[in-house]
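Peer 1:
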Amino acid sequence: MNQLLDISWLGLWKNNPAMVQLLGLCPLLAVSSTVINGLGLGIATTLVLLGSNVTVSLVRQWIPKEIRIPVFVMIIAAFVTTVQLLMNAYTYDLYLALGIFIPLIVTNCAIIGRAEAFASKNALLPSALDGLMMGVGFSLVLVAIGAIRELLGQGTLLVGAENLFGPAAAGMTIQLLEFDQEFLIALLPPGAFLVMGFLIALKNIVDNAAAERQKRHQPAPTIERVRVSGNAE
Amino acid sequence: MNLLSSPFTRQSLKTHELMRMVILCCIPGIAIQWYFFGWGNLIQIMLAVSACWVTEAVILIMRARPVFRITRDSSALLTGVLLGIALPPFLPWWMTVIAAVFAIGVVKHLYGGLGNNLFNPAMAGYVLLLISFPVAMTSWQPVVAQAQHQMGLWDSLNLVFTGFSSDGYSIQQARMTLDGITAATPLDTIKTDLRQGLTLDESQQNPVFGVFAGAGWEWVNLAFLLGGLYLIYRRVISWAIPGGMLLSLFVISGISFAFQPDGAASPMMHLFSGATMLGAFFIATDPVSACTTVKGRWIFGALIGAMVYAIRTWGGYPDAVAFSVLLANMSVMLIDYYCKPRTYGHKERQ
Numbered sequence: 001m002n003q004l005l006d007i008s009w010l011g012l013w014k015n016n017p018a019m020v021q022l023l024g025l026c027p028l029l030a031v032s033s034t035v036i037n038g039l040g041l042g043i044a045t046t047l048v049l050l051g052s053n054v055t056v057s058l059v060r061q062w063i064p065k066e067i068r069i070p071v072f073v074m075i076i077a078a079f080v081t082t083v084q085l086l087m088n089a090y091t092y093d094l095y096l097a098l099g100i101f102i103p104l105i106v107t108n109c110a111i112i113g114r115a116e117a118f119a120s121k122n123a124l125l126p127s128a129l130d131g132l133m134m135g136v137g138f139s140l141v142l143v144a145i146g147a148i149r150e151l152l153g154q155g156t157l158l159v160g161a162e163n164l165f166g167p168a169a170a171g172m173t174i175q176l177l178e179f180d181q182e183f184l185i186a187l188l189p190p191g192a193f194l195v196m197g198f199l200i201a202l203k204n205i206v207d208n209a210a211a212e213r214q215k216r217h218q219p220a221p222t223i224e225r226v227r228v229s230g231n232a233e
Numbered sequence: 234m235n236l237l238s239s240p241f242t243r244q245s246l247k248t249h250e251l252m253r254m255v256i257l258c259c260i261p262g263i264a265i266q267w268y269f270f271g272w273g274n275l276i277q278i279m280l281a282v283s284a285c286w287v288t289e290a291v292i293l294i295m296r297a298r299p300v301f302r303i304t305r306d307s308s309a310l311l312t313g314v315l316l317g318i319a320l321p322p323f324l325p326w327w328m329t330v331i332a333a334v335f336a337i338g339v340v341k342h343l344y345g346g347l348g349n350n351l352f353n354p355a356m357a358g359y360v361l362l363l364i365s366f367p368v369a370m371t372s373w374q375p376v377v378a379q380a381q382h383q384m385g386l387w388d389s390l391n392l393v394f395t396g397f398s399s400d401g402y403s404i405q406q407a408r409m410t411l412d413g414i415t416a417a418t419p420l421d422t423i424k425t426d427l428r429q430g431l432t433l434d435e436s437q438q439n440p441v442f443g444v445f446a447g448a449g450w451e452w453v454n455l456a457f458l459l460g461g462l463y464l465i466y467r468r469v470i471s472w473a474i475p476g477g478m479l480l481s482l483f484v485i486s487g488i489s490f491a492f493q494p495d496g497a498a499s500p501m502m503h504l505f506s507g508a509t510m511l512g513a514f515f516i517a518t519d520p521v522s523a524c525t526t527v528k529g530r531w532i533f534g535a536l537i538g539a540m541v542y543a544i545r546t547w548g549g550y551p552d553a554v555a556f557s558v559l560l561a562n563m564s565v566m567l568i569d570y571y572c573k574p575r576t577y578g579h580k581e582r583q
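These protein sequences, in sequence, are chains D and Z.
Start counting the first sequence at 1; every next residue gets the next number (our numbering).
Start counting the second sequence at 234; every next residue gets the next number (our numbering).
And the structure:
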């Protein structure tokens, strides 16, 4: 049980694929212009990660070491194709909005990284949990960056919710700020880099504060003097 | 016998003296800009300077550094002045504040403060605005003599802070010329006209052109040239960077002008339009973000000149100094690496 908690904590925070490993930055920065785009790609990536981790973990005994990378890539590609076809069928507008970045999930190093580093060495249950948590951690960062960029850029949240949740969700869009002019840089790739940098800085601040607090709560080590010369009297 | 004894050290300028000297040498240019374009830029300079200074103080407090000792070096002041000169006169006040906060807070202090920034803070702030608000950032006023509505100090203040002058004219109306059309800058005019297939002669019938470059702009550039030459004379800046930049811009635009005298802007146009002189003497020479070796400075300047020509001719924006300076800032480490002078007693690198 403890191991499973550890795996979840690693994926969500301590070894977050986006903020600590800095993997998969290309889709992360390219599609995180709105919350819904970020969430859509996050869900797709999570599904692929879960599927590939489970499959790799199941077949790990039979994959020759020399050709494991091509095998992993083919497994991942199969799942990406499935997800792409599903999105094409059920969320067509989102499929159009994300465009090339859905097939490009194949090249997301976070996924092949988990297959290589974790799933190929661990049993089914931990691997599945690892894939799920890494995916959720990645999605959380995507949604956070998407929210900040959308809010700064156009003053809204959840624009295009109907693309993901169906026509009933069209009213979910919230207009929080009204601008005469859009703050374009937030919507353009440089804004994604800036927001990403600030998020990582924020994470480091939180981590440092936690480490500091832990240090303060530990009792100060007692100093024992060791006599090195002379006689004790 | 009038012999001096050793050591023959020379008093070198301190940081704050250097910064103040640069600011003083901007004054002729600012005065001419005021004469031709009205009060707008003075307001922008005041705004940018205050915002830069406040940001600097706040961040120094956050970083637990000595606020008064560091703000005395006037570097934030200089960033504000350069930013204020470069921004369009009637830009809304909050955009200026965004640029100033970004320049000092992100570009300067996140990299470690004065002496550690990779990029020129003023130009990075400018480019942030240029990318974010392209329409507002390319809305320059016509020279005062050609403007339909004269904007005094009070009108200008109202325009910057509320978007409307006291008579109710908007920023776009303030850009009307006597002919009743919205003014474009000389560089913009040339670019649009040449793309539409007009010849240079036809384009230069436009009243935005003056004696040898843009009306008003040529004198602003001359004033910055004078200020810059004085800086070189006082050895505040080295002449390699402005020399390299102006030379490469002159040579490249000269070659293209010689080949197609009717289809390209003249070298004089390039040298005395837009922000060329301001960029060459005051912006590219930033001692922190520019090259430090002599050979490197020539290459750095030449690189900026070439990019200014390329972006002005083929790029999407009418002027290019800010982008060129930032792009050249990125290559500074590489240039300096290959231009390290040979140390005495060591062999040349193979």
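C-beta: ideal position from N, C-alpha, C; glycine also.
Provide the residue span of the alpha helix (DSSP H) that contains Gly461 (chain Z), from first to last.
Peer 2: Gly461 (chain Z) -> alpha helix (DSSP H) spans Trp450 to Tyr466.
Peer 1: Roughly how far, in whole angstroms, is the beta-carbon of Thr418 (chain Z) from the beta-carbon of Gly447 (chain Z), given that I think they are within contact range, below 8 Å?
Peer 2: Confirmed, about 7 Å.
Peer 1: In angstroms, rounded to a whole number, what distance separates the CA positions of Arg225 (chain D) and Gln218 (chain D)?
Peer 2: Going by the C-alpha atoms only, they are around 21 Å apart.
Peer 1: Measure the beta-carbon distance from Leu351 (chain Z) to Tyr344 (chain Z) and round it to whole angstroms, keeping in mind my assumption that it falls under 8 Å.
Peer 2: Indeed they touch by this definition, with Cβ atoms about 6 Å apart.
Peer 1: Look at the Cβ atom of Thr173 (chain D), then the Cβ atom of Ala186 (chain D), and state whether they are nearer than 8 Å.
Peer 2: It is not a contact, given that the beta carbons lie outside the stated cut-off.
Peer 1: Assuming Ile256 (chain Z) contacts Leu320 (chain Z) under a Cβ cut-off of 8 Å, what Cβ separation, rounded to an integer in Å, is found between them?
Peer 2: Wrong, their Cβ atoms sit about 17 Å apart, outside the cutoff.
Peer 1: Beta-carbon of Ile205 (chain D) versus every beta-carbon of chain Z: anything under 8 Å?
Peer 2: It does not: the Cβ of Ile205 (chain D) has no partner Cβ on chain Z nearer than 8 Å.
Peer 1: Would you kindly work out how many angstroms separate the C-alpha atoms of Ala539 (chain Z) and Leu482 (chain Z), rounded to a whole number?
Peer 2: Distance between the alpha carbons of Ala539 (chain Z) and Leu482 (chain Z): 6 Å.
Peer 1: So, do the stretch 14-33 of chain D and the stretch 138-147 of chain D have three or more beta carbon pairs nearer to each other than 8 Å?
Peer 2: Taking 8 Å as the limit for Cβ pairs, the verdict is that the stretch 138-147 of chain D does touch the stretch 14-33 of chain D.
Peer 1: Nearest to Gly271 (chain Z) by CA position, among Z:Leu315, Z:Ala380 and Z:Val287, is which residue?
Peer 2: Among Z:Leu315, Z:Ala380 and Z:Val287, the Cα nearest to that of Gly271 (chain Z) is on Z:Ala380.
Peer 1: Counting beta carbon pairs with one atom in the stretch 320-335 of chain Z and one in the stretch 358-374 of chain Z, are three or more of them shorter than 8 Å?
Peer 2: The answer is yes - the stretch 320-335 of chain Z touches the stretch 358-374 of chain Z, with three or more Cβ pairs under 8 Å.
Peer 1: Taking Ile364 (chain Z) as the query, report the chain D residues whose CB atoms sit under 8 Å from its CB, ordered along the chain.
Peer 2: Within chain D, the residues near Ile364 (chain Z) are Leu184, Ile185, Leu188 and Pro190.
Peer 1: Check each residue of the stretch 341-361 of chain Z: if its Cβ is closer than 7 Å to any Cβ of chain D, include it; give the result in chain order.
Peer 2: Listed by position, the residues of the stretch 341-361 of chain Z near chain D (Cβ gap below 7 Å) are Leu361.
Peer 1: Evaluate Glu178 (chain D) with the Cβ neighbour count: other Cβ atoms within 10 Å of its Cβ, from every protein chain shown; 16 or more gives buried, anything less gives exposed.
Peer 2: By the 10 Å Cβ count, Glu178 (chain D) comes out exposed.
Peer 1: Looking only at DSSP bridge pairs, what is Thr410 (chain Z) linked to?
Peer 2: In DSSP, Thr410 (chain Z) forms a bridge with Z:Ala380.
Peer 1: Which residue's Cα is closest to the Cα of Gly586 (chain Z): Z:Ala517, Z:Pro299, Z:Asn274 and Z:Gln405?
Peer 2: Because chain Z spans 234 through 583 in this model, residue 586 (chain Z) falls outside it and cannot be assessed.
Peer 1: When the cut-off is 8 Å and only beta carbons count, does Arg154 (chain D) lie next to chain Z?
Peer 2: Looking at the sequence itself, residue 154 (chain D) is Gln, so the reference to Arg does not match. No, no contact with chain Z.
Peer 1: Quick one: give me the first and last residue of the alpha helix (DSSP H) that Asp208 (chain Z) is part of.
Peer 2: Since the first and last residues shown for chain Z are 234 and 583, residue 208 (chain Z) lies out of range.
Peer 1: Jot down the residue ranges of each uninterrupted alpha helix (DSSP H) in the stretch 125-198 of chain D, minimum 4 residues, whole runs only, in chain order.
Peer 2: Segments of the alpha helix (DSSP H) lying fully in the stretch 125-198 of chain D: 161-165 and 184-187.
Peer 1: Rounded C-beta distance between Leu47 (chain D) and Val106 (chain D)? I'm assuming under 8 Å.
Peer 2: That belief does not hold up - the Cβ atoms of Leu47 (chain D) and Val106 (chain D) are roughly 13 Å apart, past 8 Å.
Peer 1: Whole angstroms is fine: what's the gap from Ile265 (chain Z)'s alpha carbon to Leu202 (chain D)'s?
Peer 2: Their backbone Cα atoms lie some 46 Å apart in a straight line.
Peer 1: Is it right to say Gln154 (chain D) is buried, meaning 16 or more other beta carbons lie within 10 angstroms of its own, or is it exposed?
Peer 2: When all chains shown are included, Gln154 (chain D) counts as buried.
Peer 1: If you reduce the DSSP assignment to three classes, tell me which class Ser57 (chain D) lands in.
Peer 2: If DSSP states are grouped into helix, strand and coil, Ser57 (chain D) belongs with the helices.
Peer 1: Put Ser372 (chain Z) into one of helix, strand or coil per three-state DSSP.
Peer 2: Residue state, collapsed to three classes: coil.
Peer 1: If distances are taken between C-alpha atoms only, which option among Z:Phe394, Z:Gln383 and Z:Ile423 comes closest to Ala407 (chain Z)?
Peer 2: If we check each option's Cα against that of Ala407 (chain Z), Z:Gln383 comes out closest.
Peer 1: Let me know the beta strand (DSSP E) ranges lying completely inside the stretch 457-538 of chain Z, each 3 residues or longer, listed in chain order.
Peer 2: If we require 3 residues or more, the stretch 457-538 of chain Z turns out to have no beta strand (DSSP E) run fully inside it.
Peer 1: Comparing C-alpha positions only, which one of Z:Ser365, Z:Ile263 and Z:Ile532 sits nearest to Ala478 (chain Z)?
Peer 2: According to the sequence as given, residue 478 (chain Z) is Met; it is not Ala. Considering only alpha carbons, the answer is Z:Ile532.
Peer 1: Give me whichever residues DSSP pairs with Gly447 (chain Z) in a beta bridge.
Peer 2: Partner(s): Z:Phe442.
Peer 1: What does the Cβ neighbour count give for Phe556 (chain Z), buried or exposed, with the cut at 16 atoms within 10 Å?
Peer 2: Buried, because 16 or more other Cβ atoms sit within 10 Å of the Cβ of Phe556 (chain Z).
Peer 1: Among the candidates D:Lys14, D:Ile7, D:Trp9 and D:Arg60, whose CA atom is the shortest distance from the CA of Asn208 (chain D)?
Peer 2: Among D:Lys14, D:Ile7, D:Trp9 and D:Arg60, the Cα nearest to that of Asn208 (chain D) is on D:Lys14.
Peer 1: Starting from the Cα of Ser471 (chain Z), find the closest Cα among Z:Asn439, Z:Arg530, Z:Val444 and Z:Asn274 and give me that residue.
Peer 2: Ranking Z:Asn439, Z:Arg530, Z:Val444 and Z:Asn274 by Cα distance to Ser471 (chain Z) puts Z:Arg530 first.
Peer 1: Could you name the residues of the stretch 168-184 of chain D whose beta carbon sits closer than 7 Å to any beta carbon of chain Z, in the order they occur along the chain?
Peer 2: Listed by position, the residues of the stretch 168-184 of chain D near chain Z (Cβ gap below 7 Å) are Gln181, Phe183 and Leu184.
Peer 1: Strictly below 8 Å CB to CB, what residues from chain D border Ala513 (chain Z)?
Peer 2: The premise fails here: Ala513 (chain Z) is roughly 26 Å from chain D at the closest Cβ pair, so nothing lies under 8 Å.
Peer 1: Is any beta-carbon of chain D found at less than 8 Å from that of Phe369 (chain Z)?
Peer 2: Contrary to the premise, residue 369 (chain Z) reads as Ala rather than Phe in this sequence. Answer yes: the Cβ-Cβ gap between Ala369 (chain Z) and chain D drops below 8 Å somewhere.
Peer 1: If you count every other CB in all the chains shown that lies within 10 Å of the CB of Lys247 (chain Z), and 16 or more means buried, which is it?
Peer 2: Lys247 (chain Z) comes out exposed.
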